Amino acid sequence: MTRRSNARFWDPAGRRFGIPTWPWRMAPGHLATRRQLAAAGLRPGGQPVAGQVLRHRPRGLLVAYLYDVAFAKPKRVPTTAQLAALDRALAARRTCPRCRTDVGYVLPRRVGACLDCAEPWELEAA
Ligand SMILES: [Zn+2]
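Residue 1454 is where the sequence shown starts when you use my numbering, and the numbers rise one by one after that.
Written as structure tokens, this is what we have:
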């Protein structure tokens, strides 16, 4: 198998590809892939795609979209308060309103009670 050239992916103005395009690893330094941003503790932050890098792979092409580092935002790290709120929300979904016990599993939504409290006909209907 011959190694195909990636040179035809060189299109910084996006004339051929529609958006600015570079061969893999050849993008200018102010653009980064989502993965590269994540490694730096950043996320695209809702900005539009600024370009792409392409490379050949055995079947077809591998594409990674690029984002402008200048518009990237810090990755959201949940605060302990948010984690606690999430925990409470999950606990509420595990707590049976009839026996008021956290049964350890999320209650079946259509039954609205734990499997011990639910009447057989309720379980059949759900
Ligand atoms: Zn119960």
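All residues carry an ideal CB built from backbone N, CA and C; glycine is no exception. Predicted model, so just to flag it, every value in this text is computed and none were measured.
For K1526, the pairing in a beta bridge is given by DSSP as R1496. Bounds of the alpha helix (DSSP H) holding L1536 are 1533–1547.
Taken through DSSP and simplified to helix, strand or coil, L1576 comes out as helix. DSSP, reduced to helix, strand and coil, places L1490 within a helical segment of the structure shown. Relative to the non-hydrogen atoms of ligand 1, the Cβ of D1569 comes within a distance shorter than 7 angstroms of at least one.
For D1521, the enclosing beta strand (DSSP E) has its first and last residue at 1514–1521. Within the chosen limit of 7 angstroms, ligand 1 does not reach the beta carbon of A1538 with any heavy atom. Pairing P1497 with R1487 gives a Cβ-Cβ distance under 8 angstroms. Under DSSP, R1508 forms a beta bridge with L1515. Nearest neighbour of P1476 by Cα position, chosen from A1566, K1528, N1459, R1551, turns out to be N1459.
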